[in-house]
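Asks: Using UniProt numbering, you'd call the opening residue of the sequence shown number 1 and step up by one each time. What follows is a structure written as C-alpha cells; I'll ask about it next.
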Amino acid sequence: MTRLWASLLTVIIYILSQFLPLLIVKKLPFAQYSGIELTKAVIYIQLVLFLIAATTIILINLKIKNPTKLELEVKEPKKYIIPWALLGFA
1 MTRLWASLLT VIIYILSQFL PLLIVKKLPF AQYSGIELTK AVIYIQLVLF LIAATTIILI
61 NLKIKNPTKL ELEVKEPKKY IIPWALLGFA
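Below you can see the structure in the form of C-alpha cells.
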C-alpha cells in the first residue's frame with residue numbers, strides 16, 4: 001500500500017467515525033432515550049468507532065511499502081521516550 005492510499009484511507013475512516021454515530025442514532029430505534037441518555041449513547045458509539053478506526057489506521061500504516069527517509073534513520077533509544085513525552089507536556 002502506498003503512502004497516498006494510507007493517508008486517504010485515514011481521512012475517510014476518521015470522517016466516518018465522526019459522522020456514523022449520527023446516522024446510527026437516526027436509523028436505529030433510539031426514540032426511547034431522553035436527551036442525556038441519547039447523548040451518552042452517541043458518545044459511547046463514537047468512542048467505540050474511534051477505537052476501531054485507530055486500530056485500523058495503525059494496521060494500514062504498518063503495511064506502507066515506501067518508508068520515508070525519517071522512518072529509515074536510526075532511532076533514539078527507547079529510554080528517552082518518557083522524558084521527551086513529559087517535556088512535551090511542560
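Don't be surprised by glycine CBs; every beta carbon is placed ideally from N, CA and C. If you're wondering where the values come from, they're calculated on a predicted model, not measured in any experiment.
Could you give the distance in angstroms between the alpha-carbon of Glu73 and the alpha-carbon of Pro67?
Replies: What you label residue 73 is simply residue 73 of the sequence shown in a count that begins at 1. What you label residue 67 is simply residue 67 of the sequence shown in a count that begins at 1. Those two C-alpha atoms are separated by around 10 Å.
Asks: Taking only runs that begin and end inside the region 38-64, name each unbroken alpha helix (DSSP H) of 4 or more residues, in chain order.
Replies: As far as the region 38-64 is concerned, it has no whole alpha helix (DSSP H) run of at least 4 residues.
Asks: Alpha carbon to alpha carbon, what distance is there between Leu9 and Gln18?
Replies: Reading the sequence shown from its first residue, position 18 is the one you call residue 18. Reading the sequence shown from its first residue, position 9 is the one you call residue 9. Whole-angstrom Cα-Cα distance: 14 Å.
Asks: Which of helix, strand or coil does DSSP assign to Lys26?
Replies: Here the question's residue 26 lines up with position 26 in the sequence shown. Lys26: helix per DSSP, three-state reduction.
Asks: Buried or exposed for Leu23, please, with buried defined as at least 16 other CB atoms from any protein chain shown within 10 angstroms of its CB.
Replies: Your numbering for residue 23 matches position 23 in the sequence shown. So Leu23 ends up on the exposed side.
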